[in-house]
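There are 2 protein chains.
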Amino acid sequence: MFKLQPIVVKTVAVSLFAFTGTVCAQGGAVAPAPNGITLPEGYRDWRVISSSHREDNHTLRVILGNDAAIKAAREGKTKPWPDGAILGKLVWKDEAHPQWEKATIPGEFVHAEFMVKDSTKYAATGGWGFARWKGMEQKPYGEDASFVQECFGCHAPVKDNDWVFTFPSRLP
Amino acid sequence: MFKLQPIVVKTVAVSLFAFTGTVCAQGGAVAPAPNGITLPEGYRDWRVISSSHREDNHTLRVILGNDAAIKAAREGKTKPWPDGAILGKLVWKDEAHPQWEKATIPGEFVHAEFMVKDSTKYAATGGWGFARWKGMEQKPYGEDASFVQECFGCHAPVKDNDWVFTFPSRLP
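Just so you know, the protein sequences line up as chains A and B, in that order.
Residue numbers 15 to 186, in our numbering, belong to the letters of the first sequence in order.
Residue numbers 15 to 186, in our numbering, belong to the letters of the second sequence in order.
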């Protein structure tokens, strides 16, 4: 799926190292998605909205949100989610727990994918911009900007939930 | 399991309201566990360490950590986890996603449980203090302080992993 030329990536990376030494530490060296969306900084520190286990493709998922998304989730204002909200989904392959075989835990990291809400900019895809970075190498998914049609198509079953599969999980 | 007398709880709650109005908003009205451990403040805002799906008791789990735990997890310093680290596990009953039946998502909230590392204070139980609050009502688990033997016994299979089932999940 990923065919961005390695030479281009290398050039970008070298440039970043040469001119802005701090960018790398912030994740800036990761190439943007083909539609221009850049990897959200600091997403590993975002708070949890929910989790899931897909038994069809054997993956575990944790769904995080930026501050705007967390605020909306906790206030129950997710139909629609507000502009500025970003949902991040971290996906791992299933692995059996070595000391508790009936427990499935995250194994190999598959990808991190994001939905960025901007009802004007992304009006053609339900108000959401889609992006995904694959594997530990964080390779952008998609050959060109049309990859979002695949994302959007898969989200069609949840059109009535503002195109979002995630329901914020209940907590006291 | 929960037999702390309602009158005592009510008295404590009234006192908290009367003298420290802000305590309630911080979760202070939740009764402590029978071993004296209090519900960690702000745990809903902690960052993610991992997740799991227990297919034996049909629950989904997200494991969070306080700042000390996140630091240790990211630096790979978890054998042993440092004093001050707290792990929080949020547990929900399995529910099928209404629009994607092969996806299991968090349904009813079951409990939040915690492991508090203090190698001196909790030396008798592997250096960990255990506590659990059940349901949306956040009722402390256990009739008296001996409930921790049940927790500790269940964790025996992971003695070699500092008594912890969770392995920090891999992320780029």
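Ideal Cβ positions, reconstructed from N, Cα and C, are used throughout, including at glycine.
Closer than 6 Å by C-beta to residue i: which residues in its own chain qualify, once you throw out the five before and the five after it? Chain order, please.
| i | result |
| --- | --- |
| B:Gly-143 | Ile-51, Val-130 and Tyr-136 |
| B:Leu-104 | Val-76 and Ala-126 |
| A:Arg-146 | His-125, Glu-127 and Tyr-155 |
| B:Ala-47 | Ala-145 and Pro-154 |
| A:Gly-35 | Because A:Gly-35 carries a pLDDT of 32, less than 50, the predicted location of this residue cannot be relied on, and no value is offered for it. |
| A:Ala-99 | Ala-82, Ala-83, Ala-86 and Lys-131 |
| B:Gln-165 | Position check: residue 165 of chain B holds Cys in this sequence, whereas Gln was assumed. Excluding residues within five positions, the ones whose Cβ falls inside 6 Å are Phe-144. |
| B:Phe-179 | Val-172 |
| A:Ala-159 | Pro-48 and Asn-49 |
| A:Ser-133 | Asp-97 and Gly-141 |
| B:Tyr-57 | Gly-102 |
Measuring alpha carbon to alpha carbon, tell me which of the options ends up nearest residue i.
| i | options | result |
| --- | --- | --- |
| A:Lys-14 | A:Glu-164, A:Ser-160 and A:Val-124 | Past the edges of chain A, shown from 15 to 186, lies residue 14 of chain A, and the structure says nothing about it. |
| A:Trp-106 | A:Pro-96, A:Gly-121, A:Pro-171 and A:Asp-132 | A:Gly-121 |
| B:Trp-114 | A:Ile-100, A:Ser-183, A:His-169 and A:Pro-182 | A:His-169 |
| A:Lys-91 | A:Val-172, A:Asp-176 and A:Pro-186 | A:Asp-176 |
| A:Leu-74 | A:Ser-66, A:Ala-99 and A:Trp-60 | A:Ser-66 |
| B:Ala-82 | B:Leu-101, B:Lys-148 and B:Lys-116 | B:Leu-101 |
| A:Lys-116 | B:Gly-140, B:Pro-54 and B:Asp-70 | B:Asp-70 |
| B:Met-150 | A:Gly-79, A:Lys-85 and A:Leu-185 | A:Leu-185 |
| B:Gly-140 | B:Arg-61, B:Lys-148, B:Lys-173 and B:Ala-159 | B:Lys-173 |
| B:Leu-53 | B:Lys-148, B:Ala-138 and B:Ser-183 | B:Lys-148 |
| B:His-111 | A:Ser-64, A:Gln-163 and A:Phe-161 | A:Ser-64 |
| A:Phe-181 | A:Arg-88, A:Arg-58, A:Ser-133 and A:Gln-163 | A:Arg-88 |
| A:Ser-183 | A:Val-62, A:Gly-167 and A:Gln-163 | A:Val-62 |
Taking 8 Å as the CB-CB cut-off, is residue i touching chain B?
| i | result |
| --- | --- |
| A:Glu-55 | no |
| A:Thr-118 | yes |
| A:Phe-178 | In the sequence as presented, Phe is not what sits at residue 178 of chain A; that position holds Val. False, the Cβ-Cβ gap to chain B never drops below 8 Å. |
| A:Pro-186 | yes |
| A:Phe-181 | yes |
| A:Asp-59 | yes |
Does the beta carbon of residue i come closer than 8 Å to any beta carbon on chain A?
| i | result |
| --- | --- |
| B:Val-37 | In this predicted model, B:Val-37 has a pLDDT of only 35, less than 50, meaning its place in the structure is not dependable enough to derive any value. |
| B:Glu-127 | no |
| B:Val-172 | yes |
| B:Phe-123 | yes |
Excluding the 5 residues flanking residue i on each side, which residues of the same chain have their C-beta closer than 8 Å to its C-beta?
| i | result |
| --- | --- |
| B:Glu-109 | Thr-118, Ile-119, Pro-120, Gly-121 and Glu-122 |
| B:Lys-93 | Asn-175 and Asp-176 |
| B:His-72 | Lys-107 and Asp-108 |
What residues of chain A sit near residue i, judged by a beta carbon separation below 9 Å?
| i | result |
| --- | --- |
| B:Gln-163 | What B:Gln-163 touches in chain A: nothing, since even the nearest Cβ is about 19 Å away. |
Using a Cβ-Cβ cutoff of less than 7 Å, which residues in the same chain neighbour residue i once the five nearest sequence positions on both sides are dropped?
| i | result |
| --- | --- |
| A:Pro-96 | Ala-82, Ala-86 and Lys-131 |
| A:Trp-60 | Leu-78, Gly-79, Asn-80 and Gly-102 |
| A:Phe-161 | Pro-48 and Tyr-155 |
Can you pull out the residues from the stretch 132 to 150 of chain B whose beta carbon lies closer than 7 Å to at least one beta carbon of chain A?
Met-150
Which residues of the stretch 76 to 100 of chain B have a Cβ closer than 8 Å to any Cβ of chain A? Give them in chain order.
Val-76 and Leu-78
If you measure beta-carbon to beta-carbon, which residues of the stretch 62 to 76 of chain B are closer than 7 Å to chain A?
Val-62, Ser-64, Ser-65, Ser-66, His-67, Arg-68, Glu-69, Asp-70, Leu-74 and Val-76
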